[in-house]
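Trainee: Going down the list, the protein sequences come from chains Z and P. The first sequence begins at 2 in my numbering and counts up one residue at a time. The second sequence begins at 1182 in my numbering and counts up one residue at a time. Let me give you the structure first, and then I'll get to my questions.
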Amino acid sequence: MSVATDTPLLRVRGLSKAFPGLLALDGVDLTVSSGEIVAVVGQNGSGKSTLVKILAGVYQADPGSEVEVYGSDGTRVTGAMAGAELRFIHQDLGLIGTLNTVENLDLGLAYGHRLLAPSRRKAERARARELIARFGASFDVDLPVASLTASERTIVAIARALSDWTGSDHVLVLDEPTAALRGEESGRLFEAVRRVADEGAGILFISHHLEEVLDLADRIVVLRDGQKVADTPADHVDEKQLVELIVGREVDPAVLKHKDRGEAVLEVSGLSGATLREIDLRVNAGEIVGVTGIIGSGRERLTETIFGAARADAGVVRVSGRRLPAGDPRAAVAAGLGFVPADRHRAGAVMTMSARENLTLPRMSPLRRRFGRLDAKAERREAASWAADVELRPPEMDRPLELYSGGNQQKVVIAKWLRNDPRLLLLDEPTQGVDVGAKAKIHELIGEAAAGGAGVLVCSSDTEELTVLCDRVLVLRDGKVAAELRRDALSETALLNASMGLAEIPQPTDYPQKDDHA
Amino acid sequence: MPDLSSEIPTEPRAEKSAEPAGAVPQRSVRSRFADALSFRRISAIYVFIVLFILFSLWVPDTFLTLATWRTMLDNESVTALLAIALVIPLAAGCPNLAIGSELGLGAILVAWFLAKRGIPIVPSIALVLIAGALIGVVNGLLVARAKIDSFIATLGVSSVLAAMISWIAQSQQILNLGSSFQSIGTGELFGITYPVYIVLVVAIIAFYVLERTPVGRRVYATGGNLEAARLAGVRTQAVIIGTFIACGAIAVMAGVLESSKLAVGDPTIGPTYLLPAFAAVFLGSTQFHGGRYNVAGTVVSVYVLATGVKGLQLAGAPVWLPELFNGLALLIAVGMTRYSRTASRAGAIARTIGRGRRRSKGDAEPGLAPGS
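Here's what the structure looks like:
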């Protein structure tokens, strides 16, 4: 543990931030002192990211909130100087992969009058080595950072954030810095972070990994639904207590309307690729199966690999007993699959086209008339009826999709697959960036699809969502199915415990492998 | 943590109307009509009206004659045809910088077949169209299969074609194409030359396919978001190759018309058409569909610009003024869309330019931020 002092560097009082339909932060108080490592934990949607974005100046806090920054001598720093006291390492690090460490470090420098003067390569290289050595690292500073390991890249980012750092008066905000790291990699990063704290900086550390948090932090702040529910020295709590604080009240699983029909629509065996390692799973008709796991567990790769949007290295995917060709989204659509990716803007929808055009894109054959004409009237009628079904607001299907809110965009993306009477829906973070009202509607649509006989596979980091929706949930760890929770054992606490690899873990059931029909 | 900025509803929820479930929310005929006639949709038409009135008052004796309009329709037919060719791959998100050279190759190849090889007219033209389609296949494979950014791939192809043109023509004009070939470009029906009819037919077909069929929908989806289209089951590679084939065939056809009108095969004409075609398509993307490359807007743009230029010429403007007019018209029209209500949608051009960078990002930095 580092030596915390009583000199506050950052003090936040009554921090609130309201978005339409959502109070993201509600009167949060927080102090970070010199030499102290403060961890902020909470579930998705608890307000962690909003907190970071307000500190970084991306969002404006609501009136009445106070954010004060102090220098090492205890005097308050205001204005533009205050911003410079806070340094951020975001999850994506903000490095340029094709440039080397020296060049990446230079990006942060104020060149002033020597904008066009030749760069002094030798001196810069020496300085770069010195900087990373400060964080206990030594690697080739002439390699493009894309070829460094994840922890080395994080150290480059930290070195850049603190390159003009003289000692005590900075607060370093680390937003999920270990998401891409494994095991000893994060250990090396933590060593660097401790050094920074030992030299007198304050650290604000945002993380999902409770084990790390307990290991590293001096103090832990727990956020839930935008409120601070705990602010405690790290050695006063254990993981179990922390999970309880994070989850809070358990939501009672609702009674499900859909019914498992017993016949398999999806059988996956030995699926490997990206972070996935030999995944076996099965989804029956009329069943909703959830998948969760921390970032890097394979959860975020599973649906796209099954669908064929991303390449699988090995493994077999069968839909209703027939083998699906690998890496062929078109064949997947023809086989009755629907895929809702997590990144709506990049892969989920054509934002520049209207809601109507997005709706009919996967299957236009029923609207084709003579000479290949698309029956615009029939299409409008169909679109209007879907707009009513999914409660699209506003219900004008001719507006470009990008003009809708996130929740309404997602309704259209889901509707376009429901329109195909899918055998199997693959949903990746189906309610991410979606407001509360739309979320409930989307859950209703998913439930209806299952009641209609479709199999549904939902990958989500939202444990509440999974407990509400699913018949059973598979928990991934290190690319493998590490646990399976049936509905009677399903709770947010159980899911979090299983994701982190804590407590006794229910083992996944063994399915009798079906004979090869293909 | 969701990106909260995307949660802000763009319109108040209170709008929930009392319509019965399933009712078709139709906007009134009047509001749709008003929208269709609004300045932001068809500014080119209003500009045309202003230009028409202006020059009718300024130089009525020459501007208001039938001959002036006949000549203008005829003069612009090659540019219009080439611009239509360009719209097709651009709609699929692929700018084709080779169209100028494709036109040039069509022009020189037809002349070579006719004058040097003695092949009759119909087979000559058929061979040229096949050559154009083949160039399209090459372009398409380079972009869709080899994943070379379309800007770069077509730039390379353009240079290769320019070399072929010089080689075929031996850097000289090809003469003696025969009078019956000439009549294709100069013959008249009801006082209007054949090329104008050809433009009309090609425009109608291209419009129909792009705007009224599932094929066109897939082309626009591919151009709008390649990955999302692919995941919706669209054969994006086939779409891209197909659009380049159509583009190549129409572009060489424009070259055939040019040779026929000039009565020679000129190896130097290709590049001069490149920029006017692009200007017309970009200007056209601000019309009718606000932000979508489209055939109707493109053809209208060609002729509105031509009207302005013709009027200025008739009014005795200095020779540099038409160029200035063309340039300013493009800048103003495209610049204005930034301030219109559909600003976010009017970004077809920005999307095309920014596209290559975005598409290659994921591959260029492997494993840089696997968690993001």
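Quick reminder that beta carbons are idealized off the backbone N, C-alpha and C, glycines included. Please read these numbers as outputs of a predicted model, since none were measured by experiment.
1) Tell whether a beta-carbon distance below 9 Å holds between Arg135(Z) and Ala160(Z).
2) How would you list, in chain order, the residues of chain P whose beta-carbon sits under 7 Å from the beta-carbon of Glu358(Z)?
3) Look up Gly502(Z) in the DSSP assignment and say whether it is helix, strand or coil.
4) Just to confirm my understanding: we take Glu466(Z), look at its own chain, exclude 5 residues before and 5 after, and list those with CB closer than 7 Å. What are they?
5) Hey, Gly36(Z) and Gly15(Z): beta-carbon distance below 9 Å or not?
6) Looking at Leu1443(P): is its Cβ nearer than 9 Å to the Cβ of Gly1366(P)?
7) Considering Cα atoms alone, identify which of Ser50(Z), Gly294(Z), Asp176(Z), Thr304(Z) is closest to Leu496(Z).
8) Along the chain, where does the alpha helix (DSSP H) that runs through Glu37(Z) open and close?
9) With H, G and I counted as helix, E and B as strand and the rest as coil, what does DSSP make of Gly1584(P)?
10) Please state if the CB of Gly1317(P) and the CB of Ile1422(P) are separated by a distance shorter than 9 Å.
11) Beta-carbon within less than 6 Å of Leu1286(P)'s beta-carbon, same chain only, minus the 5 sequence neighbours each way: which residues are those?
12) Need the endpoints of the beta strand (DSSP E) that Lys241(Z) sits in, please.
13) Whose Cβ in chain P lies nearer than 7 Å to the Cβ of Gly375(Z)?
14) Could you please give the first and the last residue of the uninterrupted alpha helix (DSSP H) stretch that includes Phe308(Z)?
15) Report all residues from its chain with a CB closer than 6 Å to the CB of Tyr1401(P); omit the five preceding and five following residues, and keep chain order.
16) Using only alpha-carbon positions, find the residue among Ser298(Z), Ile247(Z), Ile38(Z) that is nearest to Gly201(Z).
17) Quick one: what does DSSP say Thr293(Z) is sitting in, helix, strand or coil?
18) If you draw a straight line from the C-alpha of Ser1364(P) to the C-alpha of Thr1260(P), how long is it?
19) Rounded to a whole number of angstroms, what is the C-alpha to C-alpha distance between Thr384(Z) and Arg1393(P)?
20) Give me the DSSP bridge partner(s) of Leu1310(P).
21) Taking the CB atoms as reference points, tell me whether Val318(Z) and Ala356(Z) lie closer together than 9 Å.
22) Mind pulling the chain P residues with CB within less than 9 Å of Gly1(Z)?
23) Can you name the residues of chain P whose CB is closer than 7 Å to the CB of Ala62(Z)?
24) Would Pro1206(P) count as contacting chain Z if we go by Cβ distances under 9 Å?
25) Anything in chain P within Cβ reach of Met354(Z), meaning under 7 Å, just list it in chain order.
26) Assuming Arg189(Z) and Ser148(Z) are in contact, meaning their beta carbons sit under 8 Å apart, how far apart are those beta carbons, in whole angstroms?
27) Candidates Ile97(Z), Val320(Z), Leu486(Z), Lys229(Z): which alpha carbon is nearest Pro423(Z)'s?
28) Give me the Cβ distance between Gly48(Z) and Leu224(Z), rounded to the nearest whole Å; I'm assuming they're in contact under 8 Å.
29) Would Leu362(Z) pass as an interface residue toward chain P - the criterion being a Cβ-Cβ separation below 9 Å?
30) Between Leu1412(P) and chain Z, is there a C-beta pair that is closer than 9 Å?
31) Spell out whether any CB of chain Z is found under 9 Å from the CB atom of Tyr1389(P).
32) Can you tell me whether Phe1371(P) is buried or exposed, with buried defined as 16 or more other CB within 10 angstroms of its CB?
33) Please name the residue, chosen from Arg400(Z), Glu430(Z), Asp429(Z), Ala450(Z), that lies closest to Ala416(Z) on a Cα-to-Cα basis.
34) Spell out the partners DSSP gives Asn1256(P) in its beta bridges.
35) Report yes or no: is there a C-beta of chain Z within less than 9 Å of the C-beta of Gly1489(P)?
36) Determine contact between the segment 1431-1447 of chain P and the segment 1280-1299 of chain P, defined as no fewer than three beta-carbon pairs at a distance below 8 Å.
Mentor: Based on what the coordinates show:
1) yes
2) Arg1398
3) coil
4) Thr432
5) no
6) yes
7) Gly294(Z)
8) That residue, Glu37(Z), is in no alpha helix (DSSP H); it is neither H nor E in DSSP.
9) The question about residue 1584(P) has no answer here: the residues shown for chain P are numbered 1182 through 1553.
10) yes
11) Leu1342, Ile1346
12) Element bounds for Lys241(Z): not the beta strand (DSSP E) but the alpha helix (DSSP H), 240-248.
13) The identity of residue 375(Z) in the sequence shown is Leu, whereas the question assumes Gly. Here the neighbours are Arg1393, Thr1394, Pro1395, Arg1398.
14) 300-308
15) Ala1272
16) Ile38(Z)
17) strand
18) 19 Å
19) One detail in the question is off: residue 384(Z) reads as Ala in this sequence, not Thr. If you take the alpha carbons of Ala384(Z) and Arg1393(P), they lie about 17 Å apart.
20) Partner(s): none; Leu1310(P) has no beta bridge.
21) no
22) Nothing can be reported for residue 1(Z), as the shown portion of chain Z is limited to 2 through 519.
23) In chain order: nothing, as chain P lies at least about 13 Å away.
24) Note that Pro1206(P) scores a pLDDT of 44, beneath 50, so its modelled location is shaky; the value from the coordinates is reported in the next line. Yes - at least one Cβ of chain Z is within 9 Å of the one on Pro1206(P).
25) Tyr1401, Ala1402, Gly1405
26) Actually they do not touch by this definition, with Cβ atoms about 17 Å apart.
27) Val320(Z)
28) 5 Å
29) yes
30) yes
31) yes
32) exposed
33) Ala450(Z)
34) In DSSP, Asn1256(P) forms no bridge with anything.
35) no
36) yes
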